[in-house]
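Counting with full-length UniProt numbering, you get residues 1 to 108 for the letters of the sequence shown.
This report refers to the structure that appears directly beneath it.
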Amino acid sequence: MKHPRQNLAEQLTHPVRFSIVALLAQVELADFGFVRDEVEVSDSVLSRQASMLEEAGLIEIKKDFVGKRPRTRLQLTTQGRTAFRAHVRALEAIVQRTAGEVIGKLSP
Numbered sequence: 001m002k003h004p005r006q007n008l009a010e011q012l013t014h015p016v017r018f019s020i021v022a023l024l025a026q027v028e029l030a031d032f033g034f035v036r037d038e039v040e041v042s043d044s045v046l047s048r049q050a051s052m053l054e055e056a057g058l059i060e061i062k063k064d065f066v067g068k069r070p071r072t073r074l075q076l077t078t079q080g081r082t083a084f085r086a087h088v089r090a091l092e093a094i095v096q097r098t099a100g101e102v103i104g105k106l107s108p
């Protein structure tokens with residue numbers, strides 16, 4: 001029997017990366033500052049973790065200008081949305097499996 005943890009997306013096991021993707025799963029596109037504030041991390045931490053997610057193909061980092069001011073926005077890719085859903089299903093399966101095993105072992 002295959003343990004559900006084997007279905008976890010390795011890139012999403014880090015709490016900050018998971019938090020970023022979970023937030024982006026709720027919106028179409030988010031400003032860098034909004035994500036930073038919601039996830040409660042520094043600019044450098046968000047930048048580093050977002051770059052790792054982009055390298056994995058899970059998010060897209062979009063840079064442009066509003067007038068003369070630079071703007072950075074983050075967007076979940078189709079691959080990222082699929083990976084996030086599968087990761088959450090795996091977490092739920094781990095919880096359900098563990099609860100079932102514990103109850104089964106405790107019952108006479």
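Using N, Cα and C, we set each Cβ at its ideal position, and we do this for glycine too.
What you are looking at is a predicted structure, and each value in this text was computed from that prediction instead of being measured.
Once you ignore the five residues that flank residue 87 on each side, which residues in its own chain have a CB closer than 7 Å to its CB? Excluding positions up to five away in sequence, the list reads 8, 9, 12.
Indicate whether residue 58 and residue 76 have their beta-carbon atoms separated by less than 9 Å. Yes, the Cβ-Cβ distance between residue 58 and residue 76 is below 9 Å.
Under the three-state reduction of DSSP, which class applies to residue 96: helix, strand or coil? Note: residue 96 maps to helix in three-state DSSP.
Since residue 15 is in the alpha helix (DSSP H), which residue starts that stretch and which ends it? 15-24
If you measure between the beta carbons of residue 35 and residue 46, is that distance less than 9 Å? yes
Quick check on the burial criterion: 16 or more other C-beta atoms within 10 angstroms. Buried or exposed for residue 49? buried
Is the Cβ-Cβ distance between residue 21 and residue 83 less than 9 Å? yes
Contact check, residue 71 vs residue 37, beta carbons under 9 Å: no
Of the listed residues 73, 80, 85, 66, nearest to residue 55 (C-alpha basis): 80
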